[in-house]
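Note that the protein sequences, when read in sequence, are chains A and B.
Residue numbers are given in the working numbering: position 237 of the first sequence equals residue 237, and the series is strictly consecutive.
Residue numbers are given in the working numbering: position 127 of the second sequence equals residue 127, and the series is strictly consecutive.
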Amino acid sequence: MSDLIVENVSKSFDGKKIIEDISIEVHENELVSLLGVSGGGKTTLFNVISGLLMPESGHVYLDSEEITGRPGSVSYMLQKDMLLPYRTVEDNVALPLLIRGEKKKSAREKAGAYFAEFGLEGTQKKYPSQLSGGMRQRAALLRTYLFSDKMALLDEPFSALDTLTKSAMHRWYLKVMQQIHLSTIFITHDIDEAILLSDRIYILAGKPGRITKEIKIREPKPRREDFNLTETFLSYKREILKAIQEKKS
Amino acid sequence: MKRKFQNITSKLWSAAAVAVILIVWQCVSMAGLVPNYMLPSPVEVAGAFAGEFPLLMQNAKVTLLEAFLGLFFGVALGFVMAVLMDHFGRLYQALYPIIVLTQTVPTVAIAPLLVLWFGYQMLPKVILIVIVTFFPITVGLLNGFRSADRDMIVLMRSMGAGKFQIFKCIKLPGAMGQFFASLRISASYAVVGAVISEWLGGFEGLGVYMTRVKKAFSFDKMFAVIFLISVISLLLMKLVDVLQKKCMPWENKK
């Protein structure tokens, strides 16, 4: 069981409330998206969940254990791949294991076992500068997975990629998630991406940011190739757009 | 392949320029435009270099030993200072102005004082070299440490990394480029520092040899020793380059 529960979290900076009374839940193997405009407090919420920031009020629980303000149990991936240029790909990927105090050799072996699954065969001894953008992002994702196989926070992980690479990454991502069962919260401002990948979508809107709507995507996984061209997809999109606009007016 | 070719041609051009200068110099000397005792011809300098070779090597050994010792302790001091100043913000504020101040005092001015305090042996020379070489290292490393990627540090913290791990995995390797740039400067400072400190008091070394031949008006030998000092500096810088390639393998694979 790996359930994440965020309970009534609020946080302000310099006396200004950024997020207010946020409660979300993520269940095992679920992919939940957090959709909202830029500057709406998504990243602040992520920093609270990952334990980097202490909320003013509220709590974060992982498997009914409180992890509020305690980094190290929920993994975190950013838009930039954040691979260290002076480490080989395998040493980059194995970094979370090394931080946890594992020996270099066993950390490399553990990481190496996943290279094929993540489409990174043969890149172990290469440096990040020798990989393509998509490959770097996959390596970053593998690092995130090795950091915590319970819960991952992905902050706009694919937004820096070009459209074609991005849709290839989406397909690959859904496929890999079938195999590795990682519960995920996914920040995005791309509505299509959210519908395509998520089991549920939370909409974060307003100032300070609140959860204004929760939408369940009832489309079986793996999703059809042309899911984003179907009427069902469009009706989800309409629903989301309406929810975002309601809050604005 | 093309790059290699360009590299060779650019070297060819600089070699040609050096050759032209030497030929002109030789012609000027042979034509008697400048009196021979003021400016010896390249051939005479080469002759002096060959004739004095054993003596030059013997003195060079002393100078190099001083330079290496000074550089070693200078780098060590510079490194420790940079780490401490990066770690403790107050220490940075307190020490940085003083460190800059040490660099505004001319080497020639402190060298005689050091000789007075520490004698004519190796110690004052090594101390002088430490003073001139630690500064570029400290400044370079501090810059490198401070330019570490904020987001990367946040990511490391989210993984539960401590300060030492962040230093080891991000700050230190990130500052390597700056460190080697500084080391190249410090290496050439070390040789020049050693020679200057020998001018101002000592029994052995290229600086001592230099003052001796100057007093004897043997300008051919003077040029020979100048040439040797340049070669030593160049070799040291080359050594730093080789070291850098070894220590930063990720730079070669782009």
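C-beta atoms are modelled at their ideal positions from N, C-alpha and C, and glycine is treated no differently.
Given the structure is predicted, the values throughout are model-derived calculations rather than measurements.
- prompt: Does the region 70-90 of chain A come close enough to the region 151-162 of chain A that 3 or more CB-CB pairs lie under 8 Å?
  reply: yes
- prompt: Using the C-alpha atoms, what's the distance from residue 129/B back to residue 104/A?
  reply: 39 Å
query: If you check the beta carbons only, do residue 237/B and residue 226/B fall under 9 Å apart?
result: no
For residue 244/B and residue 251/B, the rounded distance between their alpha carbons: 9 Å
message: I want to see whether chain A comes within less than 9 Å of residue 147/B, judged by CB atoms only; does it?
response: no
task: Please check if any C-beta of chain A sits within less than 9 Å of the C-beta of residue 243/B.
output: no
field: chain B contact for residue 52/A (CB, 9 Å cutoff)
entry: yes
task: Give a yes or no on whether 9 Å exceeds the smallest Cβ distance from residue 99/A to chain B.
output: yes
field: Contained beta strand (DSSP E) runs [length at least 3] in the region 41-77 of chain A, N- to C-terminal order
entry: 57-62 and 75-77
query: Going by alpha carbons, who is nearest to residue 233/B out of 186/B, 212/B and 247/B?
result: 186/B
- prompt: Would DSSP call residue 221/A helix, strand or coil?
  reply: coil
Element boundaries [beta strand (DSSP E), containing residue 13/A]: 4-13
message: Our contact map puts residue 4/A next to residue 198/A with C-beta atoms below 8 Å; I'd like the distance itself, whole angstroms only.
response: Incorrect: roughly 15 Å between the Cβ atoms, too far for contact.
task: Can you grab the Cα-Cα spacing for the pair residue 181/B / residue 138/B, in whole Å?
output: 12 Å
Alpha carbon of residue 131/A to alpha carbon of residue 46/A, nearest angstrom: 28 Å
- prompt: Distance, Cα to Cα, residue 150/A vs residue 237/A?
  reply: 29 Å
task: Identify the contact partners of residue 158/B in chain A, using a Cβ-Cβ distance below 9 Å as the criterion.
output: 47, 50, 51, 52, 71, 72, 74, 75, 76, 147 and 153
message: Within 10 Å of its beta-carbon, does residue 59/B have 16 or more other beta-carbons around it, so buried, or fewer, so exposed?
response: buried
message: Here's the rule I'm using: 16 or more other beta-carbon atoms within 10 Å means buried, otherwise exposed. How should residue 245/A be labelled?
response: exposed
query: Below 9 Å between beta carbons: does that hold for residue 194/A and residue 185/A?
result: no
- prompt: On the premise that residue 56/B lies in contact with residue 228/B, defined as a C-beta separation below 8 Å, what is that separation, rounded to the nearest angstrom?
  reply: 6 Å
query: Based on Cα-Cα distance, which residue from 210/A, 232/A and 225/A lies nearest to residue 37/A?
result: 210/A
- prompt: Is there a Cβ from chain B that is less than 9 Å from the Cβ of residue 9/A?
  reply: no
message: For residue 19/A and residue 11/A, what's the separation of their Cα atoms in angstroms?
response: 5 Å
- prompt: What runs of the beta strand (DSSP E), each 3 residues or longer, lie entirely inside the region 64-146 of chain A?
  reply: 75-77
- request: Mark residue 159/A as exposed unless 16 or more other C-beta atoms lie within 10 angstroms of its C-beta, in which case mark it buried.
  value: exposed
- prompt: Taking 9 Å as the CB-CB cut-off, is residue 129/A touching chain B?
  reply: yes
field: residue 250/A: contacting residues in chain B (beta-carbon distance under 7 Å)
entry: Residue numbering for chain A in the displayed model covers 1 to 249; residue 250/A lies beyond these limits and cannot be assessed.
message: When you compare the CB of residue 161/B with every CB in chain A, is at least one pair closer than 9 Å?
response: yes
task: Give, in chain order, every residue of the region 216-235 of chain B whose Cβ lies closer than 9 Å to some Cβ of chain A.
output: none
Minimum Cβ-Cβ distance from residue 61/A to chain B less than 9 Å: no
Residue from 222/A, 192/A, 239/A and 230/A with nearest C-alpha to residue 215/A: 239/A
message: With the cut-off set at 9 Å, would you say residue 165/B and residue 176/B are in Cβ contact?
response: no
- prompt: CB residue 205/B to CB residue 62/B, shorter than 9 Å?
  reply: yes
message: On a Cα-Cα basis, can you pick out the residue from 98/A, 35/A and 65/A that is closest to residue 169/B?
response: 98/A
query: Buried or exposed: where does residue 1/A fall if 16 or more other Cβ atoms within 10 Å of its Cβ makes it buried?
result: At residue 1/A, the pLDDT of 47 sits below 50, so the modelled position is not reliable; the number obtained from the coordinates is stated separately. Under this definition residue 1/A is an exposed residue.
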